[in-house]
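Number of protein chains: 4
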Amino acid sequence: MKKSLIIGVMGGGTATVEDTVSAYELGRLIAGQGWVLLNGGRNSGIMEASAKGAYEHGGVTVGILPDKDHHRASEYIAIPVITGMGSARNSINILSSDVVVACPGGPGTLSETALALKYDKPLIFFNFKAGYKLAGPGKPGRVHYTETAEQVIELIEILTRKRRDQIKS
Amino acid sequence: MKKSLIIGVMGGGTATVEDTVSAYELGRLIAGQGWVLLNGGRNSGIMEASAKGAYEHGGVTVGILPDKDHHRASEYIAIPVITGMGSARNSINILSSDVVVACPGGPGTLSETALALKYDKPLIFFNFKAGYKLAGPGKPGRVHYTETAEQVIELIEILTRKRRDQIKS
Amino acid sequence: MKKSLIIGVMGGGTATVEDTVSAYELGRLIAGQGWVLLNGGRNSGIMEASAKGAYEHGGVTVGILPDKDHHRASEYIAIPVITGMGSARNSINILSSDVVVACPGGPGTLSETALALKYDKPLIFFNFKAGYKLAGPGKPGRVHYTETAEQVIELIEILTRKRRDQIKS
Amino acid sequence: MKKSLIIGVMGGGTATVEDTVSAYELGRLIAGQGWVLLNGGRNSGIMEASAKGAYEHGGVTVGILPDKDHHRASEYIAIPVITGMGSARNSINILSSDVVVACPGGPGTLSETALALKYDKPLIFFNFKAGYKLAGPGKPGRVHYTETAEQVIELIEILTRKRRDQIKS
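Chains as they are written, first to last, in this note's numbering: chain A, 1 to 169; chain B, 1001 to 1169; chain C, 2001 to 2169; chain D, 3001 to 3169.
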């Protein structure tokens, strides 16, 4: 397997039907680009949906689990990374992602968007309205707002040209 | 040294003069109550100011440092805990605090307020206006807003009656 | 990409020529089995050699880096997980591995073999003589000694029958 | 509370009567010196015994807990630091200690002695025979062997002259 862009997809452990469908679609499109999907790894909500979308379309899925074993890992995660660190692992999610996509979620997802700002990662909000409030502290050009999975993919392509060249070389 | 309440004071590595004075005053009052002050441990901003206020008035100060050594530790931290984990240590700051006080800060402080909501800790905003936006997801009665150090202390007294009884017994 | 066994290959950041060759060969054979190779991710010693062996033979390589960025990542790591946690990440290396192979290394590698015993993971020493001393505390049947990469692969096949069935189902 | 030396006392969650008595005595003597005792924080084995010895003689006790709450914390720990990170917190234990004392323990304690060598901390084995095997990789003058709590204290005094001057200034 060759190196590729790593797209972090953050979002809640519970999700509405609409957000679940959107996360699945995002996972499918990320796989279609040949990018790696990285998320929190659990078998519920945005994590399960985005992993399923990618896994069922040939993508590589990496889950950074808060737990100390596999019991709550999504079956659509090809590579479960078991941290045993609870929400301290949120920092790893962000550091490991070339781009961070924030889907709707609760306080855990909010903490991840804040860390994306802290670590100066490109941050794309995907219909995560609670997160929009955090945009203020973001550097110009680092925070983006999208409403469809296609928009997310287009944005990632624009934002990562340099990084993709680095990876190829 | 007997056990006591642990008050987490979060806030930025840079701070205005006004916020610096407020953080020092808060540290002084926390020491006056005989409580432990816990913060991020660095020698700048809200961390240095709150530690100094407590240290110079006989308080116990604990700093959970992101670094792998003492080089950037505040001299007013009596007990430096060296994590070498960067911002992943933010999770430890919150888990270890009986009450979390959020002073003005940037994305790192925002991530800590989000984790306080995640872990269901009593959360007191102390003039941290950016953080106010996060209040929405908080459970009723868990998120509070204050404008003076005295108000923070009064609130902590009210919020921790049960916890203080646990500690004494 | 489908799920597969994850083999943790631990070992030093510096290595003799002989140990480097052995680690490369082990990586090659792990890739040949279709297993995932997980290591510490750096561009030196056993980490670089084992990753190169797997990467150049079509394997999937995951690196759990201690650093906060990619600067010291091996170019043969397809999936760099950036922890920013220093040696605290050793715990993640072990928790995430279905089997742990300990190649020659220093204190960091020793700490990983100790954690393998702690977490009750199958542990295969591969010419790591310093590590042999730790075998005492291991549960019967959990600690093994090998001298060739082929022996390591054979042992993994025997030790993981149940786990491989779990993964397939 | 003024700054002081931080002595890390590592050891098992279960302990023989003899080792328990020795750990209590060591805690008592550390408190007598005005030093801070830091350990893993749990309510059993060497952790409970060493904390009790220090706590009952006016010492300051800091526990770096692997758990995500206080349920298994020793009542003799004045300052519980809640990491929620499992054995990944072993790294914090060592980084935070000016000197590491290794009492008898299992694989967790072994991993801590290995990290002490990794981080180049002064390491004193106190009747921990399993740990003796690890001494080989230690730099000359960094690893020491003792049989009584008094010997441990004497050694710490010798090993920390420079560090104690730093702390005072």
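Heads up, the beta-carbon is just placed ideally off N, CA and C, and yes, glycines get one too.
- Around the C-beta of V2152 (chain C), 16 or more other C-beta atoms lie within 10 Å, and the residue is accordingly described as buried.
- Taking a contact to require three or more Cβ pairs closer than 8 Å, the segment 3083-3097 of chain D and the segment 1082-1093 of chain B qualify as touching.
- At a Cβ-Cβ threshold of 8 Å, T1113 (chain B) and L1134 (chain B) count as neighbours.
- Secondary structure note for L1117 (chain B): its alpha helix (DSSP H) is the uninterrupted segment P1107 to K1118.
- Listed in chain order, the alpha helix (DSSP H) elements of length 4 or more contained wholly in the segment 3015-3076 of chain D are 3017-3032 and 3045-3055.
- In this structure, V3009 (chain D) sits near V3101 (chain D), with a CB-CB distance shorter than 8 Å.
- Of the residues assessed, H144 (chain A) falls on the buried side of the cut-off, its CB having 16 or more other CB atoms within 10 angstroms.
- Note on geometry: alpha-carbon atoms of F3125 (chain D) and T3016 (chain D) lie some 17 Å from one another.
- Taking 8 Å as the upper bound for CB-CB distance, T14 (chain A) and G41 (chain A) are not in contact here, some 16 Å apart.
- Interface annotation for the segment 2008-2038 of chain C against chain A: V2036, criterion Cβ-Cβ distance under 7 Å.
- Exclusion of the five residues before and after S3004 (chain D) leaves G3034, W3035, V3036 and I3167 as the residues of its chain whose Cβ lies within less than 7 Å of its Cβ.
- Contact annotation: the segment 2021-2034 of chain C does not touch the segment 2063-2073 of chain C, with fewer than three C-beta pairs closer than 8 Å.
- Annotation: the continuous beta strand (DSSP E) that includes G8 (chain A) extends over I6 to M10.
- Beta-bridge analysis with DSSP links Y2145 (chain C) to C:F2125.
- Looking at the backbone, the Cα of V62 (chain A) and that of G1108 (chain B) are separated by about 25 Å.
- Residues of the segment 2081-2110 of chain C with a Cβ closer than 7 Å to any Cβ of chain A, in chain order: V2081, I2082, T2083, G2084, S2091, I2092, L2095 and S2096.
- Beta bridge pairing from DSSP links I156 (chain A) with no other residue.
- Taking 8 Å as the cut-off, the beta carbon of I1158 (chain B) is found no closer than this to the beta carbon of Y1119 (chain B).
- By the Cβ neighbour-count rule, S2096 (chain C) is buried, with 16 or more other Cβ atoms within 10 Å of its own.
- In terms of beta-carbon proximity, K2068 (chain C) lines the interface with chain B, with at least one pair separated by less than 8 Å.
- For G27 (chain A) against G58 (chain A), the beta-carbon gap comes to about 11 Å, at or over 8 Å, which does not count as contact.
- The DSSP-derived three-state label of A1102 (chain B) is strand.
- Scanning its chain for C-beta atoms nearer than 7 Å, with the 5 sequence neighbours on each side dropped, one finds around A3116 (chain D) the residues I3094, V3100 and L3123, in chain order.
- Note on K2129 (chain C): under 16 other CB atoms within 10 angstroms of its CB, so exposed under the neighbour-count rule.
- Apart from sequence neighbours up to five positions away, the residues of its chain that approach R1163 (chain B) with a beta-carbon distance below 8 Å are L1005 and D1098, ordered along the chain.
- Of the residues A:E48, A:M1 and A:S111, the one whose Cα lies closest to the Cα of V21 (chain A) is A:E48.
- For R2089 (chain C), there is no enclosing alpha helix (DSSP H), as DSSP marks it with neither H nor E.
- A Cβ-Cβ distance of about 12 Å is found for the pair C1103 (chain B) and A1051 (chain B), leaving them out of contact under the 8 Å criterion.
- Contact with chain D is found for A1078 (chain B), since one of that chain's Cβ atoms lies less than 8 Å from the residue's Cβ.
- At the C-beta level, E2025 (chain C) and A2149 (chain C) come within 8 Å of one another.
- Contacts with chain A at 8 Å (Cβ-Cβ) include L1134 (chain B).
- The residues A149 and I153, in chain order, have a CB closer than 6 Å to that of L29 (chain A) in the same chain once the five nearest residues on each side in sequence are set aside.
- Distance check between Y3076 (chain D) and each of D:N3043, D:G3011, D:I3092 and D:L3110 places D:N3043 closest, using alpha-carbon atoms only.
- The residue among A:A73, A:D165 and A:I92 with its C-alpha nearest the C-alpha of K121 (chain A) is A:I92.
- With fewer than 16 other Cβ atoms from the protein chains shown falling within 10 Å of its own Cβ, G1141 (chain B) counts as exposed.
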